[in-house]
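Colleague: Under the working numbering, the first residue of the sequence shown is numbered 3, with each subsequent residue one higher. First the structure, which I've put down as structure tokens, then a few questions once you've had a look.
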Amino acid sequence: GDVYFCNVNFGDGYVNFDEAKFLGKGFVSFKEAEFGDGDIRFCKAKFGKGAVKFNCAQFGDGHVEFSHAKFGNGHVEFKGAKFGNGTLNFEHCEFKGYVSFQSMTDSKTLSKFSLRHSSFDKSLDISDNTFNCIPDLTNTKLTNQVSLDRMEISDNYPPKGDFDKSDGERLCRLKELAETNKSYQQALDLHVIEMQANRERLPSE
Numbered sequence: 003g004d005v006y007f008c009n010v011n012f013g014d015g016y017v018n019f020d021e022a023k024f025l026g027k028g029f030v031s032f033k034e035a036e037f038g039d040g041d042i043r044f045c046k047a048k049f050g051k052g053a054v055k056f057n058c059a060q061f062g063d064g065h066v067e068f069s070h071a072k073f074g075n076g077h078v079e080f081k082g083a084k085f086g087n088g089t090l091n092f093e094h095c096e097f098k099g100y101v102s103f104q105s106m107t108d109s110k111t112l113s114k115f116s117l118r119h120s121s122f123d124k125s126l127d128i129s130d131n132t133f134n135c136i137p138d139l140t141n142t143k144l145t146n147q148v149s150l151d152r153m154e155i156s157d158n159y160p161p162k163g164d165f166d167k168s169d170g171e172r173l174c175r176l177k178e179l180a181e182t183n184k185s186y187q188q189a190l191d192l193h194v195i196e197m198q199a200n201r202e203r204l205p206s207e
């Protein structure tokens, strides 16, 4: 059956769904749920064939972890989700359906957004976001369209003045995807930041 956590207020504190199994054909909805400050974990969780929706959910300060989770054929949506100061980690995940991180609210508060080493069987949408970190799509398996329309890196990145040592690699991957989409202006913008990141990493003479 369906699993509803719509509009549920989880309050402050650690929320753990590690290795949870949401199997079957029903959908799992955390739509408009409110998570307070604290880490949220869905590591190694397994989702069935239904949609998984976190649309307009609100997350407080803390780390949101989905690493090694497996998603079935249904849509996975974080449209309009709002994040506090923290990280969003989807490393080593399997997605069999369409995935959307479109129009996340306050995506600038994320210090890390990683899809590294994950596989996507359908399209992936990260459009309409401004990030204060470099989204990590390195080593991802992408078989369909990746939408990066109006996805930007904030002008005040890096916030502390120092690029991360992996930023060049992440930017190169995003630039490749923008070029594949024939979004040449976006690719150029990413290339400029990539050059800055690589230049700052060179030892000063």
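Glycine included, each C-beta is placed from N, C-alpha and C at the ideal position. In this text, all values refer to a predicted model and were calculated from it rather than measured experimentally.
Would residue 153 pass as a contact of residue 182 if the rule is Cβ separation under 9 angstroms?
Modeller: no
Colleague: Please list the segments of the beta strand (DSSP E) lying wholly inside the stretch 76-164, counting only runs of 3 or more residues, in order along the chain.
Modeller: Entirely contained in the stretch 76-164, the beta strand (DSSP E) runs reaching 3 residues are, in chain order, 88-91 and 112-116.
Colleague: Under 6 angstroms Cβ to Cβ from residue 63, same chain only, skipping five residues before and after it: list those, please.
Modeller: Excluding residues up to 5 positions away in sequence, 39, 86, 87 and 88 lie with their Cβ nearer than 6 angstroms to the Cβ of residue 63 in the same chain.
Colleague: Closest to residue 104 by CA distance: which of 151, 95 and 173 is it?
Modeller: 151
Colleague: Excluding the 5 residues flanking residue 176 on each side, which residues of the same chain have their C-beta closer than 6 angstroms to its C-beta?
Modeller: 192
Colleague: Does DSSP put residue 6 in a helix, in a strand, or in coil?
Modeller: strand
Colleague: Going straight from the alpha carbon of residue 53 to that of residue 78, what length do you get?
Modeller: 6 angstroms
Colleague: Looking only at C-alpha atoms, which of 48, 81 and 58 sits nearest to residue 75?
Modeller: 48
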